[in-house]
Structure formats: C-alpha cells, structure tokens
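Input: a single structure, listed below in structure tokens.
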Amino acid sequence: MGPWLASLSLPALFAVVTAAFLGMTLLSSGLGFACERLLRARRIWAVPLDRGQYRFELLGNLIFLPIQIAAFTAVLYAGAIRFDDDASPLLTFAICYVGFLVYYYPLHLLLHRRRWVRFHRWHHRSRVTTPLTGQSMGPVEAIAWAIGYLAIPALASLVLPISAGGFVAHVVYNVFGNIFGHSNFEMVNPLSRTRLASIFTPPFVYHALHHARWTGNYGFGSTGLDWVFGSEFGDWRRLATKVIDGEPLRSLKERG
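Per this note's numbering, the sequence shown runs over residues 2 to 257.
Printed below as a string of structure tokens:
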C-alpha cells in the first residue's frame, strides 16, 4: 500500500483521503444510529438531547473533516511517514494505538484547564452523546487530533519500519471507535466492567459519564491512564452494571 500511496498525484491522493474519511464517518455514524434504535434496552441515558444538538454536531463534523483531509493529504504527499513494505502491520498498529492513547490523555487534561477549555467547549456542548458527537469539535481541537493521528507514525518511522496497512488499520479503528463509541447505547459485554478488560475495551458509559460530569474519565478508549493517575470516577463500574443490566441512567447527575 505504501508504494501505491506514493504513486498518487496530489488530486488523486486528496480524492482517496476524502473518500476514506467520508466513508468511515458515514458508515460508523449510520451503524451508531441504527444500534441506538435497535438496542433501546441498552440505552445509557434516558435523557433528551439539547435543543438543536444534531445541528451543531453536524457543523462540528464539517469543521473536523476538512482539517483531517487536508492534514492527511499533505503529510502523505510529502512522504513524512516513511512506509516500509517489510514492516509488521501488527507492530505498527500497536505503536499507533498506544502512542495515541498516551498522546490523548495529557492533551485532554490540558483542554480541561481554564486557559484551554475554550477550545474544547464545542465538543462538550453534547452532554448526552450521539454518533455525531465524536468528531464534533472546533478547529484547534481538530488540529490536535490530526497531530495525534499523523505525528506519532511519522516520528516512529524515523527509527522503526512502519507498515502502511497497519497505519491505515489504526486510523479506521480509531475513527470507528470514536464515532460509534459516542452512541447512546451500551454494546460491550459484562467483562468490560472488570479492571483488566476495561483497559482495552471500556464500556461506552465510561466516556458518557465524562460528557455529563466534565472532570474525570479522560482516557480515550482505555481506562488505564485514568486508573494510574487517579482521574477515573469511582462509581463508573456500578453505573455500567446498571446500564448493561437494562436500566438506563435517568439524570445527568446520577451517581452509583
């Protein structure tokens, strides 16, 4: 895949990146909305959305997507990520996955500090999350996401062979998880309530509580760093059990 990407003209690469991001967004959002309807017994919040929420979330996506498309096109066209056909896709995926988790946690903490929170408010306008929430954000935060997606494999490729397939797999996993994981239903099995499993696949309610409460549960797709640094909500497992057992949360102030 690396040589193929390198062989594309700038307009062709732009078209490929645009199609990829639009396709991932539409597919994962569609699945998220479908699951919200089909799995109403697994709703996280039995709380109405704020007035006009879908409208401002859609606008946030229309900010996020052009920034990602432009950044990916520029970085890939410049060859800033040195792909190697002999590199391990699995190792590349692991580097990108762990790297993004470690990058996102302090970024998210920073965006909750008084000086920087204005760049994060757009995303937090969604108190009850939807599939459109994941990529609903202002331009500064969207640029920070592009840096996380691209700088980690670019820097790693200076010292390690990086697989184009592994890089693409991580982007697909990350985008899908971000969008689908903001849906207002609980999908994961009861094992996700345990400490070890939640490091890799936390229940959706974990991040849903962050949107409702603002401070705590900062990790992206993992509880690990919140656990290490003491920033997780102590009642999240009890609330996850409640939702998984079919009883939604009926107030944004609900405690377990």
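Every residue gets a Cβ at the ideal spot worked out from N, C-alpha and C, and that includes glycine.
Extent of the continuous alpha helix (DSSP H) to which residue i belongs
i           : result
residue 29  : 11-39
residue 123 : 122-125
residue 4   : 3-8
residue 212 : 205-214
residue 234 : Run containing residue 234: none; DSSP gives neither H nor E here.
residue 230 : 225-230
Opposing strand residues paired with residue i [DSSP bridges]
i           : result
residue 163 : 84
residue 63  : Beta-bridge pairing links residue 63 to no other residue.
residue 156 : Residue 156 is not bridged to any residue.
residue 250 : 46
Given residue i as reference, the closest of the options once Cα atoms are compared
i           : options            : result
residue 203 : 164, 212, 223, 214 : 223
residue 24  : 66, 83, 227        : 66
residue 206 : 57, 247, 173       : 247
residue 138 : 34, 63, 251        : 63
residue 216 : 140, 118, 172      : 118
residue 18  : 208, 83, 69        : 69
residue 201 : 114, 99, 140, 141  : 99
residue 160 : 60, 57, 189, 85    : 85
residue 2   : 212, 168, 185      : 168
residue 171 : 225, 149, 71       : 149
residue 1   : 162, 26, 59        : The question about residue 1 has no answer, for the chain in this structure spans 2 to 257.
residue 58  : 87, 189, 125, 220  : 125
residue 186 : 250, 94, 226       : 250
residue 136 : 61, 227, 209, 89   : 61
residue 256 : 220, 21, 213, 52   : 213
residue 140 : 26, 120, 134, 133  : 120
residue 51  : 22, 95, 134        : 134
residue 73  : 20, 49, 111        : 20
residue 226 : 92, 102, 165, 88   : 102
Count the C-beta pairs between the region 6-25 and the region 151-163 that are closer than 8 Å, then say yes if the count reaches three, no if not.
no
What are the complete beta strand (DSSP E) segments, minimum 3 residues, inside the region 66-149?
none
Is the region 141-148 touching the region 39-54 in the sense that three or more CB pairs, one from each, lie closer than 8 Å?
no
Given 8 Å, three or more beta-carbon pairs between the region 223-238 and the region 123-141:
no
Assess contact between the region 169-180 and the region 10-19, defined as three or more Cβ pairs (one per stretch) separated by less than 8 Å. Is contact present?
no
Would you call the region 239-256 and the region 43-52 touching, i.e. three or more CB-CB distances under 8 Å?
yes
State whether the region 13-23 contacts the region 71-82, with contact taken as three or more CB pairs (one from each stretch) at a distance under 8 Å.
yes
Taking one C-beta from the region 15-32 and one from the region 105-114 each time, how about it: are there three or more such pairs within less than 8 Å?
no
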